[in-house]
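A.B. asks: Counting the sequence shown from 1 gives a position; this note's numbering is that position plus 109.
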Amino acid sequence: MDSVRKRFRELHAAGTFVMPNAWDVGSARVLRQAGFPAVATTSSGLAAALGKLDQQVTRDELVAHVTAVAAAIDVPVSVDSEWLFADTADGIAETVDLLAAAGAAGLSIEDYHPVTGSVQPLDVSAERVGAAAEAARRHDLVLTARAENLLYGHTDLDDTIARLIAYRDAGADVLFAPGLTGSDDIARVVAAVRAPVNVLALSGTPSVPDLAALGVRRVSTGGSLAWVAYGALRDAARELLESGTTGFRARGLTSAEVEATFGG
């Protein structure tokens with residue numbers, strides 16, 4: 110485990126890498142087989158796999174999920190751990206400890222509180238990041254701090270940047286403002302925070318080579334791959350129900366790919 114965590118930290122030292130988000134063990138193994146150097150979980154994708162909406166997964170369900178995914182692949186796993194399921198420093202540390210024991214190489218903390226339904230004040234959020242950073246350091250986990258402004262209608266980029274800088278100063282290793290899409294805004298964030306920046310690949314986001322040119326260190330996909338997979342399932346189901354044909358089989362994994370991905 111120490112070597113996996115070391116590899117994950119080293120990925121953030123230079124260059125740009127893509128860390129796609131898996132929603133179950135099978136998708137994690139597909140992504141590992143594709144050659145990605147690290148895999149993340151996704152809160153919305155995991156929730157869908159459990160038949161729930163995002164922000165309805167319990168901490169116990171997340172820990173069980175991380176345990177299974179980390180055991181199934183030999184690359185670092187970073188956890189979308191939402192608000193870390195706690196309001197106190199001790200509770201935050203407990204969640205970090207549980208995810209470390211489950212096999213995580215990294216994890217994230219958001220400044221949006223799903224219970225209050227709001228982005229928390231900066232001072233409160235920075236204190237929470239500090240508590241998470243202190244706990245993460247004990248396990249050499251890479252901590253990502255997320256400023257959720259853009260996802261909840263707060264478009265003041267100055268405030269987002271101020272939050273990211275405060276989270277960096279509180280001990281976060283990686284900064285992330287999901288919802289950034291414009292090249293100028295991304296470049297501005299990268300220049301301002303002077304630390305590794307993660308960008309979520311969305312419609313309209315620059316390509317990975319373009320993000321690399323802007324200085325972005327890490328690119329993730331969030332729940333999008335899960336929705337693509339569920340969309341493919343929907344389309345296949347419609348074809349089978351409406352026309353009775355099975356053309357969808359041509360788009361599936363081959364027997365060789367199934368063996369290579371799941372046979373080891």
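We put the beta carbon where it would ideally sit given N, CA and C, even for glycine.
Count the other C-beta atoms from every protein chain shown that fall within 10 angstroms of the C-beta of V367, then say buried if there are 16 or more, exposed otherwise.
C.D. replies: Translated into the one-based positions of the sequence shown, residue 367 becomes position 258. With fewer than 16 other Cβ atoms within 10 Å, it is exposed.
A.B. asks: According to DSSP, is F117 helix, strand or coil?
C.D. replies: Taking the sequence shown and counting its residues from 1, one reaches residue 117 at position 8. It is helical.
A.B. asks: Roughly how many angstroms lie between the CA atoms of P318 and G353, to the nearest whole one?
C.D. replies: Translated into positions along the sequence shown, residue 318 becomes position 209. Translated into positions along the sequence shown, residue 353 becomes position 244. Approximately 42 Å, taken between the alpha carbons.
A.B. asks: Whole beta strand (DSSP E) runs in the stretch 234-317 with 3 or more residues, listed along the chain?
C.D. replies: DSSP runs (the beta strand (DSSP E)) wholly in the stretch 234-317: 251-255, 283-285, 306-309.
A.B. asks: Closest to Y339 by C-alpha separation, out of G154, N130, A149, would be which residue?
C.D. replies: The count along the sequence shown starts at 1 and reaches residue 339 at position 230. Out of G154, N130, A149, G154 has the C-alpha closest to the C-alpha of Y339.
A.B. asks: So does the stretch 156-168 actually touch the stretch 358-372, counting three or more Cβ pairs closer than 8 Å?
C.D. replies: Contact between the stretch 156-168 and the stretch 358-372 is absent, because fewer than three Cβ pairs lie under 8 Å.
A.B. asks: Taking the alpha-carbon positions, what's the D232 to L193 distance?
C.D. replies: Within the sequence shown, the letter at position 123 stands for residue 232. Within the sequence shown, the letter at position 84 stands for residue 193. Roughly 17 Å between the two C-alpha positions.
A.B. asks: When the Cα atoms are used, what is the spatial distance from T225 to I182?
C.D. replies: Here residue 225 corresponds to residue number 116 of the sequence shown, with the count starting at 1. Here residue 182 corresponds to residue number 73 of the sequence shown, with the count starting at 1. In a straight line, the C-alpha of T225 is about 36 Å away from that of I182.
A.B. asks: If we count the other Cβ atoms within 10 Å of its Cβ and call it buried at 16 or more, is R378 buried or exposed?
C.D. replies: Nothing can be reported for residue 378: it is not among the residues displayed for the chain, which extend from 110 to 373.
A.B. asks: Among all the DSSP beta bridges, which residues are the ones paired with G215?
C.D. replies: For the purposes of this step, residue 215 is identified with residue 106 of the sequence shown, where counting begins at 1. According to DSSP, which records beta bridges pairwise, G215 is partnered with S187, V251.
A.B. asks: Using the Cα positions of V228 and L250, report the straight-line distance between them to the nearest angstrom.
C.D. replies: For this step, residue 228 is matched to residue 119 along the sequence shown. For this step, residue 250 is matched to residue 141 along the sequence shown. Cα to Cα, V228 sits roughly 25 Å from L250.
A.B. asks: Look up H222 in the DSSP assignment and give the residues it is bridged to.
C.D. replies: By one-based count along the sequence shown, residue 222 stands at place 113. The partner list for H222 (beta bridge, DSSP) reads S227.
A.B. asks: For R326, name the three-state secondary structure that DSSP assigns.
C.D. replies: The count along the sequence shown starts at 1 and reaches residue 326 at position 217. Of the three classes helix, strand and coil, the one that applies to R326 here is coil, per DSSP.
A.B. asks: List the whole-angstrom C-beta distance separating V127 from V328, where the pair is believed to meet the contact cut-off of C-beta under 8 Å.
C.D. replies: Numbered from its first residue, the sequence shown carries residue 127 at position 18. Numbered from its first residue, the sequence shown carries residue 328 at position 219. So it is a contact: roughly 5 Å between Cβ atoms.
A.B. asks: May I have the straight-line CA-CA distance separating D199 from L273, to the nearest angstrom?
C.D. replies: Stepping through the sequence shown from its first residue, residue 199 is reached at position 90. Stepping through the sequence shown from its first residue, residue 273 is reached at position 164. Roughly 23 Å separates the two Cα atoms.
A.B. asks: Among H121, G291, A300, which residue has its Cα nearest to the Cα of L309?
C.D. replies: Taking the first residue of the sequence shown as position 1, residue 309 is located at position 200. The shortest Cα separation from L309 among H121, G291, A300 belongs to G291.
A.B. asks: Identify the continuous alpha helix (DSSP H) that holds A359 and give its terminal residues.
C.D. replies: By 1-based counting over the sequence shown, the position of residue 359 is 250. Per DSSP, A359 belongs to no alpha helix (DSSP H) and is neither H nor E.
A.B. asks: Taking the alpha-carbon of E236 as reference, which of P223, T253, I270, T197 has the nearest alpha-carbon?
C.D. replies: For the purposes of this step, residue 236 is taken as the residue at position 127 of the sequence shown. Residue T197 is the option with its Cα nearest to E236.
A.B. asks: Is the distance from the Cβ of G288 to the Cβ of L259 below 8 Å?
C.D. replies: To locate residue 288, count along the sequence shown from 1; it is residue 179. To locate residue 259, count along the sequence shown from 1; it is residue 150. For G288 and L259, yes; Cβs fall inside 8 Å.
A.B. asks: Out of curiosity, what's the CA-to-CA distance linking A147 and V337?
C.D. replies: Position 38 of the sequence shown, counted from the start, is the residue given in the question as residue 147. Position 228 of the sequence shown, counted from the start, is the residue given in the question as residue 337. If you take the alpha carbons of A147 and V337, they lie about 20 Å apart.
A.B. asks: From I218 to R277, what does the alpha carbon distance come to, in whole angstroms?
C.D. replies: Residue numbering aside, residue 218 sits at position 109 when the sequence shown is read from its first letter. Residue numbering aside, residue 277 sits at position 168 when the sequence shown is read from its first letter. Straight-line Cα distance between these residues: approximately 12 Å.
A.B. asks: Go to A149, then tell me how far its beta strand (DSSP E) extends in each direction, as first and last residue.
C.D. replies: Position 40 of the sequence shown, counted from the first residue, corresponds to residue 149. Element bounds for A149: 148-150.
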